[in-house]
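Counting from 967, one number per residue, gives the positions in the sequence shown under my numbering. Glycine residues also receive a C-beta, built at the ideal position from the N, C-alpha and C atoms.
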Amino acid sequence: MSSGVLSSLPVRRTVDWRLRFGLLSLVWGFSFLFMKVGTEAFAPFQVTLGRLVFGTAVVAVAMAVKRERLPRGAWTWLHLAVAGLLLNALPFSLFAFSELTIPSSLAGICNATSPLWGMALSLVALSEDRPTRRRVAGLGIGFLGVLTVLGVWQGFDGLDVTGTALALLASLSYPVGWIYVRRTLAGSGHSHLSLTGAQLGLATLQLAVVTTLFTSMPAGFPVVPVLAVAALGTLGTGFAFLLQYALVAEVGPTTAQMVTYFTPVIATAAGVVVLGESLSWSTPVGAAIVLAGAALTQSRPRTATEAGKQPPRPPERRAERQKATARAAGHDGRPSRQT
967 MSSGVLSSLP VRRTVDWRLR FGLLSLVWGF SFLFMKVGTE AFAPFQVTLG
1017 RLVFGTAVVA VAMAVKRERL PRGAWTWLHL AVAGLLLNAL PFSLFAFSEL
1067 TIPSSLAGIC NATSPLWGMA LSLVALSEDR PTRRRVAGLG IGFLGVLTVL
1117 GVWQGFDGLD VTGTALALLA SLSYPVGWIY VRRTLAGSGH SHLSLTGAQL
1167 GLATLQLAVV TTLFTSMPAG FPVVPVLAVA ALGTLGTGFA FLLQYALVAE
1217 VGPTTAQMVT YFTPVIATAA GVVVLGESLS WSTPVGAAIV LAGAALTQSR
1267 PRTATEAGKQ PPRPPERRAE RQKATARAAG HDGRPSRQT
């Protein structure tokens, strides 16, 4: 799951990446609505299992078309099982449980805290990520936004604390999984598509066991919730992964991950317009503060080259370049020969 692997892949630019970026934002934003509708008829574990079944099927088809093989090695599969738990089975289930008691719009906003959790954890777990004033400020601003969303000055009045905590734990699970993958699978040599296909398959097996043990057969299969779960898996998991896969390969991980900042906006709009969910003023205001903090944690100071300036060359290298230019022009300190 290394972004370096993705960046080296050839990309067919059939549709402008901005349109695909917008489509990915739309799909992920509506995923919270699909979960909400699914949990109206099915248990949260059942919704998650359906999501993983449909999502794995889409990725499996993509692997078959590209003739990708599953990874090999017992340790690789063990690491993928942990990744499947942390990145798929656990957060998907936590979000589904959270939406039993909180609006889908709030769940989408909680999802936007993932970059904040990731920055905080990477400063501890990844030695190459150094704290800077900008990142620390971003963390502070982001968590101030979380407190605004929760309405702490009201003592959480009218807020389901358990559901909100589950959504925040789901958001925390993602960066924990990313750090684990970065430490264990980044240099495995397998393609991103192959690793993710295996990861989703293992997560599906995990949920199949849990769902069998802790839920009973649904009393019925209403059309709308079934379609919502199918859309959640096919679009929100399988198709969304393939979109992100292509975006990272074309524009790089930094630009592609900006979709995180648009997802809660769409999730909120979908919840309010489609499901008729209500919003207090603190929810959109807090969400904006969260996104601003997350953007700060992901930003990096521009280098001289990125700012449009050439970095100063050491004196000895500048002298060598001057000599090379002179030789190329026929002025190397000797009379030039003309033919």
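Tell me which residues share the same chain as residue i and place their Cβ nearer than 6 Å to its Cβ, disregarding the 5 neighbours each side in the sequence.
| i | result |
| --- | --- |
| G1050 | Q1165, L1168 and A1169 |
| G1084 | P1141 |
| T1203 | R1017 and G1021 |
| T1150 | H1045 |
| H1156 | P1037 |
May I have the straight-line CA-CA distance separating residue i from residue j, to the nearest angstrom?
| i | j | result |
| --- | --- | --- |
| L1036 | L1161 | 7 Å |
| T1042 | V1102 | 34 Å |
| A1136 | R1033 | 33 Å |
| A1009 | F1228 | 28 Å |
| V1190 | L1201 | 16 Å |
| Q1223 | T1022 | 22 Å |
| P1230 | L1056 | 20 Å |
| G1186 | G1016 | 15 Å |
| L1171 | V1214 | 28 Å |
| F1207 | T1226 | 14 Å |
| P1184 | V1027 | 28 Å |
| V1391 | L1134 | In this structure the chain extends from 967 to 1305, so residue 1391 is not present and cannot be described. |
| P1277 | P1219 | Since pLDDT at P1277 reaches only 49, below the 50 mark, its modelled position is unreliable, and the value read off the structure follows with that caveat. Rounded to whole angstroms, P1277 to P1219 spans 25 Å at the Cα level. |
| L1262 | N1077 | 17 Å |
| G1108 | V1239 | 26 Å |
| R1148 | S1154 | 10 Å |
| Y1211 | V1217 | 10 Å |
| L1132 | A1040 | 32 Å |
| T1067 | G1242 | 15 Å |
| P1069 | S1244 | 8 Å |
| L1179 | L1173 | 10 Å |
| S1246 | A1253 | 12 Å |
| R1100 | W983 | 29 Å |
| V1031 | V1112 | 43 Å |
With a threshold of 8 Å on Cβ separation, who are the neighbours of residue i within its own chain once the five nearest residues in sequence on each side are excluded?
| i | result |
| --- | --- |
| L985 | none |
| T1249 | S1071, L1072, I1075, V1115 and T1234 |
| I962 | This structure cannot settle anything about residue 962, because the visible part of the chain is limited to 967 through 1305. |
| R1284 | Because the pLDDT of R1284 is 49, which lies under 50, any placement of that residue in the model is unreliable, and the number read from its coordinates should be weighed accordingly. There are no such residues. |
Are the beta-carbon atoms belonging to residue i and residue j less than 8 Å from one another?
| i | j | result |
| --- | --- | --- |
| Q1130 | E1065 | Checking the displayed sequence, the identity of residue 1130 turns out to be Thr instead of Gln. Their beta carbons are not under 8 Å apart, which means T1130 does not touch E1065 by this criterion. |
| L1159 | M1001 | no |
| L1125 | L1116 | yes |
| S997 | T1234 | no |
| A1236 | G988 | no |
| L1060 | A1260 | no |
| V993 | F1205 | yes |
| P1188 | A1047 | no |
| A990 | L1209 | This sequence places Leu at residue 990; Ala is not what is there. Contact: yes. |
| L1052 | S1139 | yes |
| V1256 | T1098 | no |
| G1163 | V1019 | no |
In chain order, what residues of the same chain have a beta carbon less than 7 Å from the beta carbon of residue i, not counting five sequence neighbours either side?
| i | result |
| --- | --- |
| I1145 | L1087, S1088, A1091 and L1092 |
| V1176 | F1011 |
| V1013 | M1001, G1004, T1005, A1062 and V1195 |
| L1105 | L1082, M1085, A1086, G1259 and T1263 |
| G1143 | A1049, L1052 and L1053 |
| T1181 | A1009, F1011 and Q1012 |
| V1251 | T1114 |
| V1192 | none |
(request) Entirely within the region 1108-1172 and at least 4 residues each: give me those alpha helix (DSSP H) ranges in chain order. (result) 1127-1150
(request) Scan the region 1013-1076 and note each continuous beta strand (DSSP E) run of 3 residues or more that stays entirely inside, going in chain order. (result) none
(message) Suppose only complete runs of 4+ residues qualify. What are the alpha helix (DSSP H) ranges in the region 1234-1264, listed by chain order?
(response) 1248-1264
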